[in-house]
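A short write-up of the structure that comes next.
Protein chains: 2
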Amino acid sequence: MNTAMEETQRIEQFLRKALVSERKHGYLIGVSGGLDSAVVLKLLVQAVGKENVLGLILPDRDTEKKSTTLARSLLEQEKVPYKVISMTPLLRHLGVYKDMPLFLLPTRGLKESIVRRFYNDYTKKLNKPVFFAQWEEPPTQLPYFYEGIAYYRIKHRVRMATLYYYAEKNDYLLVGCTNLSERLIGFYVKYGDDVCDVAPIAHLYKTEVRQLSEYLSVPEDIRNRPPSPDLIPGITDEYSLGINYETLDQILAGLEEGKTAEDLKQLFPADIVELVINQVKFTQKLEGKPYMLKRA
Amino acid sequence: MNTAMEETQRIEQFLRKALVSERKHGYLIGVSGGLDSAVVLKLLVQAVGKENVLGLILPDRDTEKKSTTLARSLLEQEKVPYKVISMTPLLRHLGVYKDMPLFLLPTRGLKESIVRRFYNDYTKKLNKPVFFAQWEEPPTQLPYFYEGIAYYRIKHRVRMATLYYYAEKNDYLLVGCTNLSERLIGFYVKYGDDVCDVAPIAHLYKTEVRQLSEYLSVPEDIRNRPPSPDLIPGITDEYSLGINYETLDQILAGLEEGKTAEDLKQLFPADIVELVINQVKFTQKLEGKPYMLKRA
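Line order of the protein sequences matches chains S and H.
If you count the first sequence from 1, position 107 lands on 107 in our numbering, and the numbers rise without skipping.
To get our numbering, take the position in the second sequence, counting from 1, and add 296.
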């Protein structure tokens with residue numbers, strides 16, 4: 001990557017150019033209280049001015065209170081207008097919470113520990129971290145396996161629908177906050193947090209976004225938090241991946257530079273290298289279009 | 297197109313094959329009471345059996361009552377299990393109806409006539425049917441222009457989120473009902489009714505789907521209805537396009553066969569030919585990925 005300063009300037013110019021070429025009036029961003037959306041928010045304000053940015057905070061009952069607090073304070077600090085809209089009523093109406101009744105557990109701590117117990121049990125039975133196994137049929141019946149997948153995915157999809165609603169009614173562009181590490185291994189919800197009009201950090205590994213966050217003075221509270229999709233209590237990024245971002249990014253960057261699996265296995269645990277390489281291949285298929293027939 | 301019988305058999309085999317190769321347990325379909333979803337439902341039942349199909353009817357307050365009635369009776373006739381889930385509470389929670397307060401008008405007839413008055417006025421000011429002008433900035437201020445666009449699009453996106461929720465929680469594939477005529481001119485909501493896992497009629501023009509509907513004995517009530525997205529009262533497909541499907545499909549098929557604009561202008565009004573050709577080009581851009589930077 002360039003220096004943080006050079007990369008920041010390059011992205012800001014890119015953001016200004018997209019707005020002009022699409023003839024839109026501003027940017028709509030979902031702010032989660034996490035690192036990626038904080039970096040993108042900072043870049044937007046510097047690129048097009050706070051008056052041309054609108055933020056949405058879209059928590060649901062499982063969202064950590066701290067996430068909403070950090071998102072609010074960042075938007076206020078940047079003087080960007082924003083709205084908080086709870087996704088809970090939507091999800092409740094669709095019966096999502098009934099299908100995975102975490103709400104019956106009285107405390108957040110209890111929810112987290114029960115979820116992690118299921119997660120660890122599945123990881124053993126599936127012989128790999130659940131994140132990597134979610135697209136395969138489990139060898140044995142795993143209670144709440146499919147409900148758990150559907151549970152987290154619908155959250156990002158109703159958020160996408162809400163973000164696009166506010167973008168389109170204001171004739172704004174929707175900015176996306178997915179980074180390259182997530183894109184390469186499919187660590188997103190298809191037709192959820194992967195869709196947007198403009199994706200300013202989609203070419204940066206997570207560890208590179210972290211460098212930008214320091215340069216852009218993203219508050220330490222946000223920078224130091226364990227990265228988390230904040231969709232299911234207790235499941236952070238690195239917990240569900242079973243790999244930390246430093247290792248993941250070095251493997252991904254190694255592949256980008258043309259290193260072979262054998263090269264990488266000299267540097268990292270062989271099973272992790274295999275897992276990442278297979279997942280990168282699978283994700284390309286995941287991005288494919290729906291099955292369609294050709295005309296006869 | 298093949299004969300209706302041949303094409304039906306080809307699609308059914310395609311549907312069976314997709315299920316096997318994706319190792320899923322069945323198909324989830326949104327049934328609207330319209331022609332396309334009726335044809336796809338019939339194909340699914342013949343291909344994989346009614347016990348491996350689950351239907352969802354997802355009306356909102358603007359949906360024609362007749363649509364829900366026809367969707368219900370078709371699903372019952374085919375003995376396919378189904379659920380009706382109103383989208384109104386989701387849309388109300390997001391403030392969608394407040395932004396375009398059609399509900400203040402007491403009767404459906406009044407809503408339809410007011411909407412059409414706006415639509416006709418816009419068509420004059422934009423110098424083309426509103427459908428074709430929605431991606432450009434209007435030359436003059438048009439009240440409810442952006443709200444109207446956001447109003448109809450969010451409906452299909454919350455439907456998509458709901459359909460995928462039921463598909464994923466049952467480990468089913470989501471089947472899409474978009475046809476080729478719609479796909480070529482972008483007559484769909486991006487990240488709404490254009491996304492699915494399997495799209496069995498995406499290679500057929502609307503008029504070809506109509507032929508299949510006769511062969512598959514789709515009830516006449518459904519076959520004879522004017523095609524409509526059923527998103528805004530009064531706005532059917534052909535009203536918003538300003539073209540009927542017979543003409544549209546002949547222009548699209550002509551382009552597919554390599555006819556030039558000049559050839560087609562001998563057969564159809566020049567302005568309509570131009571409109572369709574420009575829209576087909578624009579739609580290819582619409583399908584593009586978000587704006588992204590390459591790595592430095």
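Heads up, the beta-carbon is just placed ideally off N, CA and C, and yes, glycines get one too.
> In the DSSP assignment, what residue or residues form a beta bridge with M292/S?
Replying inline: A495/H
> In terms of residue numbering, what span does the alpha helix (DSSP H) encompassing L275/S cover?
Replying inline: A270 to L286
> From the beta carbon of E137/S, is the nearest beta carbon of chain H less than 8 Å away?
Replying inline: yes
>> List, in chain order, every chain S residue whose beta-carbon is nearer than 9 Å to that of A566/H.
In response: In chain order: nothing, as chain S lies at least about 27 Å away.
>> So, for I29/S: in the same chain, excluding its five sequence neighbours on each side, which residues have a beta-carbon less than 7 Å away from its beta-carbon?
In response: S37, V40, L41, L44, V53, G55 and V175
>> On the DSSP bridge list, what partners appear for V505/H?
In response: The partner list for V505/H (beta bridge, DSSP) is empty, contrary to what the question assumes.
>> Cutting at 8 Å between CB atoms, please list the residues of its own chain near P434/H, excluding the five before and the five after it.
In response: Y418, K421, L422 and F441
> By Cβ distance below 6 Å, which residues in the same chain neighbour V80/S in space, the five residues on each side in sequence not counted?
Replying inline: K50, V53 and G55
>> With H, G and I counted as helix, E and B as strand and the rest as coil, what does DSSP make of Y484/H?
In response: coil
>> Please list the terminal residues of the continuous beta strand (DSSP E) segment that includes I353/H.
In response: V349 to I353
>> Which residues in chain S have a C-beta closer than 8 Å to the C-beta of M301/H? List them in chain order.
In response: Going along chain S, no residue has its Cβ under 8 Å from M301/H, so there is no contact; the nearest lies around 12 Å.
>> Does any residue of chain H have a CB that is nearer than 8 Å to the CB of E147/S?
In response: yes
>> Taking DSSP's pairing of strands, which residues face V471/H in a bridge?
In response: V494/H
>> Tell me which residue opens and which closes the beta strand (DSSP E) that Y378/H is part of.
In response: Y378 to V380
> Below 8 Å, can you find three or more Cβ-Cβ pairs linking the stretch 353-362 of chain H to the stretch 300-319 of chain H?
Replying inline: no
> So, is the C-beta of R168/S closer than 8 Å to a C-beta in chain H?
Replying inline: Arg is not the amino acid found at residue 168/S; the sequence shown has Glu there. Closer than 8 Å: yes.
> Ordered along the chain, which non-local residues of its own chain (more than five positions away) have a Cβ less than 6 Å from that of D197/S?
Replying inline: L173 and L174
> Looking only at C-alpha atoms, which of L180/S, L212/S, H203/S and I235/S sits nearest to Y119/S?
Replying inline: I235/S
> Who are L390/H's beta bridge partners in DSSP?
Replying inline: Partner(s): none; L390/H has no beta bridge.
> Between A261/S and A253/S, what straight-line distance do the alpha-carbon atoms span, to the nearest angstrom?
Replying inline: 12 Å
>> Give me the subset of the stretch 11-34 of chain S whose CB atoms are less than 7 Å from a CB atom of chain H, sorted by chain position.
In response: I11, F14, A18 and R23
> Would you say I481/H and T579/H are within 8 Å of each other, going by their C-beta atoms?
Replying inline: yes
> How would you label Q279/S, buried or exposed, when you count the other beta carbons within 10 angstroms and need 16 or more for buried?
Replying inline: buried
>> Strictly under 8 Å for the Cβ-Cβ distance: is K590/H near chain S by that measure?
In response: yes
> Hey, quick one: how far does the beta strand (DSSP E) through G444/H stretch, first residue to last?
Replying inline: No beta strand (DSSP E) contains G444/H, which is instead part of the alpha helix (DSSP H) from F441 to K465.
> In whole angstroms, what is the alpha-carbon distance linking E147/S and Y511/H?
Replying inline: 38 Å
> Rounded to a whole number of angstroms, what is the C-alpha to C-alpha distance between L241/S and P200/S?
Replying inline: 24 Å
> Name the DSSP beta bridge partners of L28/S, please?
Replying inline: L54/S and L174/S
> Roughly how many angstroms lie between the CA atoms of L35/S and S217/S, to the nearest whole one?
Replying inline: 11 Å
> When Cβ atoms are compared, which residues of the stretch 445-460 of chain H fall closer than 7 Å to chain S?
Replying inline: I445, A446, R449, I450, R453, V454, M456, A457, T458 and Y460
>> Output needed in chain order: residues of the stretch 509-530 of chain H with a Cβ under 8 Å from some Cβ in chain S.
In response: none
> What three-state label does DSSP hand K361/H in the structure shown?
Replying inline: helix
> In chain S, what lies closer than 7 Å to I481/H by C-beta?
Replying inline: By Cβ distance, chain S contributes nothing, its closest Cβ being about 17 Å from I481/H, past 7 Å.
> So, T3/S versus L212/S, is the Cβ gap smaller than 8 Å?
Replying inline: no
>> So the candidates are T458/H, D545/H and Y484/H; which of them puts its Cα closest to the Cα of H93/S?
In response: T458/H
> chain S partners of G472/H, CB-CB under 8 Å?
Replying inline: P290
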